[in-house]
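Trainee: First to last, the protein sequences are chains A and B.
Per our numbering, the first sequence runs over residues 4 to 458.
Per our numbering, the second sequence runs over residues 13 to 361.
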Amino acid sequence: MSKKILLDQINVPGIRTYEVYRKEGGYASVEKAIKAMTPDEVVEEVKKSGLRGRGGAGFPAGMKWSFIDKKSGKPRHLVCNADESEPGTFKDRYLMEFLPHLLIEGMITSSFALGANLSYIYIRGEYMWVYKILERAIAEAKAAGWLGKNILGSGYDLELHVHCGAGAYICGEETALIESLEGKRGNPRIKPPFPAVSGLWANPTVVNNVETIASVPWIVNNSGDDYAKIGVGRSTGTKLISASGHVKNPGVYEIELGLTVDEFMNSDEYLGGMYSDRPLKALIPGGSSVPILPADLIYKTTNGEDRLMTYESLSDGGFATGSMLGSGGFIVYDDTACIVRNTWNFSRFYHHESCGQCTPCREGTGWLEKVLWRIENGQGREEDIDLLWSIQSKIEGNTICPLGDAASWPVAAAIRHFREEFEYHIRFPEKIKNRNHFVAEPFSQVKHLVTKQTV
Amino acid sequence: MKVTIDGQEIEVEAGTTILQAARKLGGESVPPAMCYYSKLKGSGGKCRCCLVEVAKGSDADPRPMPKLMASCVTGCMDGMEINSKNSDRVREARESVTEFLLINHPLDCPVCDQAGECDLQNLSFEHGKSKTRFIEEKRTFEPEDIGPNIQLHMNRCILCQRCVQVADQLTDNRVHGVMDRGDHANISTCISKAIDNEFSGNMIDVCPVGALTDKTFRFKSRVWFDKPYNAHRECKTPGCCGKTTIWMFGEEIQRVTGRKDEYHEVEEFICNSCRFDHKQPSDWVIEGPRKFEKDSVINQNNYTQKLETVTINTEEGILKGREGDRKKISMSDIGYDEKIDGEKLNSDK
Numbered sequence: 004m005s006k007k008i009l010l011d012q013i014n015v016p017g018i019r020t021y022e023v024y025r026k027e028g029g030y031a032s033v034e035k036a037i038k039a040m041t042p043d044e045v046v047e048e049v050k051k052s053g054l055r056g057r058g059g060a061g062f063p064a065g066m067k068w069s070f071i072d073k074k075s076g077k078p079r080h081l082v083c084n085a086d087e088s089e090p091g092t093f094k095d096r097y098l099m100e101f102l103p104h105l106l107i108e109g110m111i112t113s114s115f116a117l118g119a120n121l122s123y124i125y126i127r128g129e130y131m132w133v134y135k136i137l138e139r140a141i142a143e144a145k146a147a148g149w150l151g152k153n154i155l156g157s158g159y160d161l162e163l164h165v166h167c168g169a170g171a172y173i174c175g176e177e178t179a180l181i182e183s184l185e186g187k188r189g190n191p192r193i194k195p196p197f198p199a200v201s202g203l204w205a206n207p208t209v210v211n212n213v214e215t216i217a218s219v220p221w222i223v224n225n226s227g228d229d230y231a232k233i234g235v236g237r238s239t240g241t242k243l244i245s246a247s248g249h250v251k252n253p254g255v256y257e258i259e260l261g262l263t264v265d266e267f268m269n270s271d272e273y274l275g276g277m278y279s280d281r282p283l284k285a286l287i288p289g290g291s292s293v294p295i296l297p298a299d300l301i302y303k304t305t306n307g308e309d310r311l312m313t314y315e316s317l318s319d320g321g322f323a324t325g326s327m328l329g330s331g332g333f334i335v336y337d338d339t340a341c342i343v344r345n346t347w348n349f350s351r352f353y354h355h356e357s358c359g360q361c362t363p364c365r366e367g368t369g370w371l372e373k374v375l376w377r378i379e380n381g382q383g384r385e386e387d388i389d390l391l392w393s394i395q396s397k398i399e400g401n402t403i404c405p406l407g408d409a410a411s412w413p414v415a416a417a418i419r420h421f422r423e424e425f426e427y428h429i430r431f432p433e434k435i436k437n438r439n440h441f442v443a444e445p446f447s448q449v450k451h452l453v454t455k456q457t458v
Numbered sequence: 013m014k015v016t017i018d019g020q021e022i023e024v025e026a027g028t029t030i031l032q033a034a035r036k037l038g039g040e041s042v043p044p045a046m047c048y049y050s051k052l053k054g055s056g057g058k059c060r061c062c063l064v065e066v067a068k069g070s071d072a073d074p075r076p077m078p079k080l081m082a083s084c085v086t087g088c089m090d091g092m093e094i095n096s097k098n099s100d101r102v103r104e105a106r107e108s109v110t111e112f113l114l115i116n117h118p119l120d121c122p123v124c125d126q127a128g129e130c131d132l133q134n135l136s137f138e139h140g141k142s143k144t145r146f147i148e149e150k151r152t153f154e155p156e157d158i159g160p161n162i163q164l165h166m167n168r169c170i171l172c173q174r175c176v177q178v179a180d181q182l183t184d185n186r187v188h189g190v191m192d193r194g195d196h197a198n199i200s201t202c203i204s205k206a207i208d209n210e211f212s213g214n215m216i217d218v219c220p221v222g223a224l225t226d227k228t229f230r231f232k233s234r235v236w237f238d239k240p241y242n243a244h245r246e247c248k249t250p251g252c253c254g255k256t257t258i259w260m261f262g263e264e265i266q267r268v269t270g271r272k273d274e275y276h277e278v279e280e281f282i283c284n285s286c287r288f289d290h291k292q293p294s295d296w297v298i299e300g301p302r303k304f305e306k307d308s309v310i311n312q313n314n315y316t317q318k319l320e321t322v323t324i325n326t327e328e329g330i331l332k333g334r335e336g337d338r339k340k341i342s343m344s345d346i347g348y349d350e351k352i353d354g355e356k357l358n359s360d361k
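(1) What is the DSSP secondary structure of A/T305, reduced to helix, strand or coil?
(2) Under DSSP, the alpha helix (DSSP H) around B/R174 begins and ends at which residues?
(3) Skipping 5 residues on each side, what residues in its chain have a beta carbon closer than 7 Å to that of A/S411?
(4) Step through the CB atoms of chain A and report whether any lies within less than 9 Å of the CB of B/D195.
(5) Going by CA-CA distance only, name the one from B/G189, B/V102, B/R101 and B/G87 that's closest to B/I12.
(6) According to DSSP, simplified to helix, strand and coil, what is A/S411?
(7) Starting from A/H451, trace the alpha helix (DSSP H) both ways and give me its first and last residue.
(8) Thinking C-alpha only, which one of B/I30, B/K14 and B/G38 is nearest B/E305?
(9) Rounded to a whole number of angstroms, what is the C-alpha to C-alpha distance between A/P63 and A/G53?
(10) Could you tell me whether the Cβ of A/T454 comes closer than 9 Å to any Cβ of chain B?
(11) Between which two residues does the beta strand (DSSP E) carrying A/P42 extend?
(12) Contact criterion: CB-CB distance below 9 Å. Does B/N116 meet it with respect to chain A?
(13) Could you tell me how far apart the beta carbons of A/R19 and A/F101 are, in whole angstroms, since I believe they sit closer than 8 Å?
(14) Just to make sure I have the definition right: I need the residues of chain B whose C-beta is within less than 9 Å of the C-beta of A/P198. Which are they?
(15) Give, in chain order, every residue of the stretch 398 to 417 of chain A whose Cβ lies closer than 9 Å to some Cβ of chain B.
(16) Can B/R151 and B/N95 be called in contact, C-beta distance under 9 Å?
(17) Suppose only complete runs of 4+ residues qualify. What are the alpha helix (DSSP H) ranges in the stretch 89 to 113 of chain A, listed by chain order?
(18) Compare the C-beta of A/V442 against all C-beta atoms of chain B and say whether one is closer than 9 Å.
(19) Can a CB atom of chain A be found closer than 9 Å to the CB of B/A72?
(20) For a cutoff of 9 Å on Cβ pairs, would you count B/S96 as touching chain A?
(21) Return yes when the Cβ of A/Y427 is within less than 9 Å of the Cβ of A/K434, no when it is not.
(22) Please decide whether B/K34 counts as near chain A, where near means a Cβ-Cβ distance under 9 Å.
(23) By how many angstroms is the C-alpha of A/P253 removed from the C-alpha of A/G381?
(24) Output needed for A/G320: all residues of its chain with C-beta closer than 6 Å, excluding positions within five of it in sequence on either side, in chain order.
(25) With DSSP run on the structure shown, which of helix, strand or coil describes A/V200?
(26) In this structure, what does DSSP give as the bridge partners for A/L184?
(27) Going along the chain, which residues of its own chain have a beta-carbon closer than 6 Å to the beta-carbon of B/A223, five neighbours each way excluded?
(28) Which residues, in order along the stretch 281 to 299 of chain A, keep a beta-carbon less than 7 Å from a beta-carbon of chain B?
(29) Can you give the Cα-Cα distance for A/A60 and A/V235, rounded to whole angstroms?
(30) For A/L121, which residues in the same chain have their Cβ closer than 7 Å to its Cβ, ignoring the five residues on either side in sequence?
(31) Alpha carbon to alpha carbon, what distance is there between A/R430 and A/L452?
(32) According to DSSP, is A/R430 helix, strand or coil?
(33) Beta carbon of A/V343, beta carbon of A/A417: below 9 Å?
(34) Between A/A340 and A/F441, is the Cβ-Cβ spacing less than 9 Å?
(35) For B/K361, is the classification buried or exposed, using 16 other Cβ atoms within 10 angstroms of its Cβ as the cut-off for buried?
(36) At a Cβ threshold of 9 Å, is A/E89 touching chain B?
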């Protein structure tokens, strides 16, 4: 059984309330940090832990903290990115909904480490009920003296606010989030300057994901070295994975990084294998924006080793044979799934959510979606597959923020691994008219039609 | 600090962007820019036309930058080496941006008031293709009057947001901006307000395409038929320099604009009164003809240089029929019952 450090207390009755949380040892990291440590020592522990940002990019959290400009003399801010909007990812919601005080404890400890006196939790607009849970938890923490002026008589002050966004995916990008928090349209900023130098109201700012911040109390309580012992190599600690799709036990799981994909997929402790015992067709390991993996690349890397739930193993060999751990949105497909429709669906999402600020993303995401729609609806042309490949390659890397890459990678991976399925859609439009065309006749049964003569 | 662009070294001050350094250097290495406008703070970085390859970050950190960088917002570092026109990646990226910009931009140059002065037209001459791969329906909007002097043709807008920055930085109480998002994003007023600020006309000048047009000039003339002159007047509007370019057709002032530099950026902003209300030659002190770059469409009607006599040698047959046409061009000579081929409308033939 994997070690639990985030969801350890999830089953304690009433853990959502301050009294129970405190009784279970909550807020100990705040006490320890404020009374027994300097802010730099807290940063050092986080650095030692090897904790990597859990929002998707996996950048080392301690290093990010050390970039903050302390010499400017300006106020500093910590902003918690709770704008969880990646399709397939729903782990932060779980954490905030059931353990709100864990996040608040992490916010206080992290704010102390950064020297921030005003911090924010920026939450996704659709999570209104979670917003209310957090509001109440903040009020409880404030009433108990963990927030406000002169916390624990140390002279350290901290105000913490929850800010509800209007429900735009792009506001999960840290600079767009800051713009939105400032009351502006949520458009990403050009970097540099990075938020650590000029962020919220041009002050040095650190933006961290919910799960990242919630990991800090354990690190402070137990030490960074102990945290680094969990996991494998540079993928230290535990990770929340939100699993969905054709599996027996979808849900949110905390795993130790380094678990094999096979065990996570098939053991009863986790996903319990495929729903209805149908064959596994594909897997997206890190939320909709990361490349899809076909069945033959899911359990083994190119070296023939077991594929692990780590940043390195999942990206093995680059996108030709690998993917990314991303935000941990684990989406599983059985053989009845239509990859073309799935790719179109994701494309539709990125088209809808593009902020429209830069040209390749604004125009390219729309074009991708339109071409995919035609292919999925039996109006594809032979040249459309190459056209899709060309469009996605022109978006990737040329945009202001990573949304362009997020729109481009699923299309690239789908064509790379499932080109025959696109060809089938184009060559046999009458066969794919039925919305559930692969349910009765999975692609494996009709594959021979396109392999005989390629488009 | 020293930077090298396409093999040409230039010394620039700290804080200079790659685009500014390239402009100092001049020539073909200057990246195109659709959203950057040196006179507007915070502009740039959006259109991605000016992407360049940074082959060497600096002397201190010589690693190349993995992605192409927007030259208008990327600062120079000492020892930086940049490839602009010399890079295949850059050329490909600019072609991509041009293609993306043109998928929804209508090719209505024959009727667009911006023809001859359009940055997108110039970009597509340089980096465009003769064929489009986009077969889907283009997005369309109804033309919108956004004030007494300006008409918005959203179909042509490329969302460079220069007009929004003009409104932010030159006028009080901006009433327009970007609505919606993605390729649904559009410029509009909130809600159905009129843009009537004294400096709002500058939005027309900064628009790189024909999205914002001067209602006092629309369809009056093609710019290459007009003769531009530098002119000035004593303008009492605070903030207005009173220095303009007036565009004349014969003795008539067709339109008034700010004076633009070689990168089509106005040197100084002018007020609406100069732009829209003073259309009499007597309102202005005319300084002399304005010069344009050699390759400009406007330069085709260049009257500042002495024209050589041009002789067109054609075969007689090519001009056959022209005489008849010439008669018919004068519509008053044609009866209402006459068809264009010369036959009577009710003829049995």
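Glycine included, every Cβ here is placed at the ideal spot set by N, Cα and C.
Keep in mind the model is a prediction, meaning the values are calculated, not measured.
Mentor: In this structure, then:
(1) coil
(2) R174 to L182
(3) Q395, I398 and E399
(4) yes
(5) The requested residue 12 of chain B does not occur in the structure, where chain B is confined to residues 13 to 361.
(6) helix
(7) F446 to T454
(8) B/G38
(9) 6 Å
(10) no
(11) Premise fails: A/P42 lies in the alpha helix (DSSP H), P42 to S52, not in any beta strand (DSSP E).
(12) yes
(13) Contact between A/R19 and A/F101 is confirmed by a C-beta separation of about 6 Å, below the 8 Å threshold.
(14) None at all; the shortest Cβ gap to chain B is about 16 Å.
(15) I398, G400, N401, T402 and I403
(16) no
(17) 94 to 101
(18) no
(19) no
(20) Closer than 9 Å: no.
(21) yes
(22) Sequence inspection shows Ala at residue 34 of chain B; the Lys mentioned does not correspond to that position. No, no contact with chain A.
(23) Their backbone Cα atoms lie some 32 Å apart in a straight line.
(24) Around A/G320: T305.
(25) coil
(26) According to DSSP, A/L184 bridges with nothing at all.
(27) Within the same chain, H165, R168 and C169 come within 6 Å of B/A223 by CB-CB distance, once the 5 residues on both sides are set aside.
(28) none
(29) 18 Å
(30) P78, H80 and E162
(31) 9 Å
(32) helix
(33) yes
(34) yes
(35) Confidence is the limiting factor: at B/K361 the pLDDT is only 47, short of 50, which leaves the residue's position unreliable and the question unanswerable from this model.
(36) So, not an interface residue.
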